[in-house]
Amino acid sequence: MSEENQNSTNGADQNDFSNFKVNKKGFIEVDGEIIETLPSITFRTKLENGHEIMARLSGRMRMYRIMLLPGDRVKIEMSPYDLTKGRITYRY
130 MSEENQNSTN
140 GADQNDFSNF
150 KVNKKGFIEV
160 DGEIIETLPS
170 ITFRTKLENG
180 HEIMARLSGR
190 MRMYRIMLLP
200 GDRVKIEMSP
210 YDLTKGRITY
220 RY
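Taking our numbering as reference, the numbering of the sequence shown is continuous, increasing by one, and the terminal residue is 221.
Here's what the structure looks like:
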């Protein structure tokens with residue numbers, strides 16, 4: 130019976146969002162990788178947990194003209210209300 134409980138918890142760990150940080154403004158901070166560049170500073174990104182979202186550049190990154198290419202590792206802020214969109218705030 131303990132083996133069944135272990136198997137059920139292993140499946141739940143894949144969709145667990147507890148390893149993400151929440152910043153002081155209430156946004157979820159996640160690391161990801163740029164997959165594809167789209168028009169108007171929009172990027173398709175893949176998160177650490179395997180989800181793909183659309184992300185835009187933050188204003189400060191636009192102001193300093195930080196360029197991103199597919200394969201770049203980035204930090205993304207996501208709203209807890211819409212987990213399909215995000216804002217890129219940092220390039221590693």
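Even for Gly, the Cβ is constructed at its ideal location relative to N, Cα and C.
Keep in mind that this is a model prediction, so the values were computed, not measured.
Item                                                                                                                     : Value
List the endpoints of the continuous alpha helix (DSSP H) containing Met190.                                             : Gly188 to Met192
Give me the residue from Met207, Arg173, Glu158 and Ser187 with the minimum Cα distance to Pro199.                       : Arg173
Under a three-way DSSP split, which group does Gly179 fall into?                                                         : coil
Are Val203 and Arg220 touching if we call contact CB-CB under 8 Å?                                                       : yes
Could you tell me the alpha carbon to alpha carbon distance between Gln143 and Ile164, rounded to whole angstroms?       : At Gln143 the pLDDT is 46, less than 50, meaning the model places this residue with poor confidence; the figure from the coordinates comes in the next sentence. Roughly 21 Å separates the two Cα atoms.
Any idea if Met192 is buried or exposed, counting beta-carbon neighbours within 10 angstroms, 16 or more meaning buried? : exposed
Count the other CB atoms within 10 Å of the CB of Gly161; is the residue buried (16 or more) or exposed (fewer)?         : buried
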